[in-house]
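Protein chains in written order, with this note's numbering: chain Y, 2 to 360; chain D, 2 to 360. Note that CB positions come from ideal geometry on N, CA and C, so glycine has one too. The model shown is predicted, which means the values in this text are computed figures rather than measured ones. What follows is a set of notes on a single structure, which appears directly below.
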């Protein structure tokens, strides 16, 4: 473990990898400001548009900073990158820990790079701000990809909230696309609302599963199955193969219970072994089929527009609520009103009236 | 049809029924104000607490009015009724049109009244404001109940939004309870978010189904099954009985896919025929079992507290959004920013920033 860590921090940004995210934003700011020759926004923009990984990494660090000056610089860069963004395929990958997400993503990434594409791998991990860990943090698992110049791997940003992490990831996607990455893979774990968040920023949403013993459907969050464009059963190798095939039948049955998707895409169940490197081509072909279909029926662009609108309204509404509930006077009165409601001295509607009149 | 309408309007409030809701609020106001001797708030309160149906009906009409003076009067009445409310069992009944909700509710209502209880039947129908119709509008279907002094039937309030209808229904529940109704049944149809809304104001949520041909699970909104404390398969009579029994097996299997409920109640599937009046006692026993269980494990009160808190926050948040999006300056700028997002000239986050700084 000690060795692994040393290995990780020895890796350099120019190798397409950054050290695992620290949650201490001041520390980030210090690192950023301490470097003697800070590149200007324009230098970073030029670098990104040329596909320079160091410029890309530095710009993302600005996005993740809490320093107002850094954010201002980040916004200038994002604005300049916007016309060059929007040209990739964005793929979301979710699955519980242990399902082999990293191995799967590495196999998929290598497959796509062999097709002359450039892959950026990001993560949305709301737990990283609590555990101070991060999925994708252990980059040694993606050893082969790390060495490839056409791959860019970035661990999950940390943040006070999933909304904060989401914003940073959405903006990072823009920079990656401007840097020429045409395939964006976003990893997330099944924690709280993170899948919904990732689903709202990708074109194709893939649920990675294992063939377990017993009832395959037990304990699955139905909402996630409903969002999935594909369910891929990983580790379908050796002794597992038979169970994986049974699981495929079960999942196919489960998928048929849902109404037809707006995309008119029929979600597929597929087997793969990231270890044996089997079935990865099938998954990729499935994704390209989906992209062709939705670009033809114009759903692809409609969905991206909808996603943008969703993020605009989402941001507005969460900020409105945040500002309201963090107002000191409101906080005090809310407590009082909740007590009165519990004692049946007022109704929720009368209490809301009083609170809203205070702002 | 013409005859039915005549029959309905001939019914009088003192019979425990009011004419179908009109969506024209000014018309309501006129009716209310035109009556020569308007009872005072105190008179209405006294009447309600004595169980007077006419007072109850009039007070509900005040809740449903848009006239500010009526609302003020309504609030005085609600406040006085609050200490006498909260003592009933609140049951939500949902199911698609044609499933026999009215017949089922009438049968259940009669069963409960025979046990010396008083039943109020309300409805939440978000479509009523659009179609100007209303479920529970056709009271001729509940002929027997209408004649019973221990039953009170009120069609869905109309409103600009589901939130508005919901508020009115929640406040109506308080008045009904204060008037001594110990069993509140709230009917809703599977339109949009209406089930979620009703679920958040009842103790027990019942999904009414039919045994159809083929796959019983096809096309069911999974979220509704997840909310259900019971699935009752109606019209389990004659030729239908065999299919109903098969459906029961299917639904039981579906229910087992969900994690245990917080109430520690295991949702049940039950058969009934509202027409033959079979199985209604089983349904009622199930409901009383649920109430005993949740009152013992204190979930009953916890849920009501949670519901109150939910309605407080819900009201605050919908009003915050409403006020923001209905601001003329915001409206104009939002349009502009959405255009800029679509043209990739800005990000949703930068646009939100600009909009929020305007207030």
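Look at residue 231(D) here: in three-state DSSP terms it is strand. Using a C-beta cut-off of 8 Å, the stretch 268 to 278 of chain Y makes no contact with the stretch 171 to 187 of chain Y, since fewer than three inter-stretch Cβ pairs fall below that distance.
Between residue 98(D) and residue 203(D), the C-beta spacing is not below 9 Å.
In this structure, DSSP gives residue 108(D) a helical state, which the three-state scheme calls helix. The beta-carbon distance between residue 76(D) and residue 231(Y), rounded to whole angstroms, is 54 Å. This is too long to meet the 8 Å contact definition. Residues are counted here when their Cβ sits less than 8 Å from a Cβ of chain Y; for the stretch 160 to 177 of chain D these are 168, 171, 172 and 175, given in chain order. Residue burial is scored here from C-beta neighbours: residue 253(Y) has fewer than 16 other C-beta atoms within 10 angstroms and is therefore classed as exposed.
For residue 316(D), the residues of chain Y that pass the 7 Å Cβ criterion are 349, 350 and 353, in the order they occur in the chain. The three-state secondary structure of residue 116(D), taken from DSSP, is coil.
Across the set 38(Y), 56(Y), 62(Y) and 109(Y), the C-alpha of 109(Y) shows the shortest separation from the C-alpha of residue 280(Y). In terms of beta-carbon proximity, residue 188(Y) stays away from the interface with chain D, with every pair separated by 9 Å or more.
Against residue 339(Y), the close residues of chain D are 310 and 313, in the order they occur along the chain (beta-carbon pairs closer than 8 Å). Put simply, the stretch 205 to 213 of chain D touches the stretch 231 to 251 of chain D. At least three CB pairs are less than 8 Å apart. Between residue 92(Y) and residue 49(Y), the C-beta spacing is not below 9 Å. Between residue 65(D) and residue 159(D), the CB-CB gap stays under 9 Å. For residue 86(D), a Cβ of chain Y is located within less than 9 Å of the residue's own Cβ.
Rounded to the nearest whole angstrom, the C-alpha separation of residue 152(D) and residue 120(D) is 5 Å. Think of a sphere of 8 Å around the beta carbon of residue 114(Y): no beta carbon from chain D falls inside it, the nearest being about 27 Å out. Look at residue 319(Y) here: in three-state DSSP terms it is helix. Exposure of residue 145(Y) is indicated by the presence of fewer than 16 other C-beta atoms within 10 angstroms of its C-beta. The beta carbon of residue 311(D) sits closer than 6 Å to the beta carbons of 201 from its chain, once the five residues preceding and following it are set aside; these are given in chain order. Looking from the CA of residue 275(D), the closest CA among 112(D), 73(D) and 69(D) belongs to 112(D).
Chain-ordered, the chain D residues with CB closer than 8 Å to the CB of residue 320(Y) read 353 and 357.
Per the coordinates, the alpha-carbon of residue 313(Y) lies some 30 Å from the alpha-carbon of residue 53(Y). By the neighbour-count criterion, in which a residue is buried when 16 or more other Cβ atoms sit within 10 angstroms of its Cβ, residue 115(Y) is exposed. If you look at residue 251(D), you'll find it in the alpha helix (DSSP H) that goes 241 to 256.
In this model, residue 106(D) and residue 122(D) are separated by some 8 Å (Cα to Cα).
Separation of residue 188(Y) and residue 124(Y) (C-alpha to C-alpha, rounded to the nearest whole angstrom) is 5 Å. Burial is judged here by how many other beta carbons sit within 10 angstroms of a residue's own beta carbon; residue 261(D) has fewer than 16 and is exposed. Residue 61(D) and residue 155(D) do touch by the CB rule: their CB atoms are close to 6 Å apart, below 8 Å.
Per DSSP, residue 59(Y) is one residue of the alpha helix (DSSP H) stretching across 54 to 65. Straight through space, the alpha carbons of residue 58(D) and residue 256(D) are spaced by roughly 39 Å. The stretch 314 to 322 of chain Y makes contact with the stretch 353 to 360 of chain D; the number of CB pairs closer than 8 Å reaches 3 or more. In this chain, the beta strand (DSSP E) harbouring residue 271(Y) covers 269 to 272. Under DSSP, residue 210(D) takes part in a beta bridge, and its partners are 234(D).
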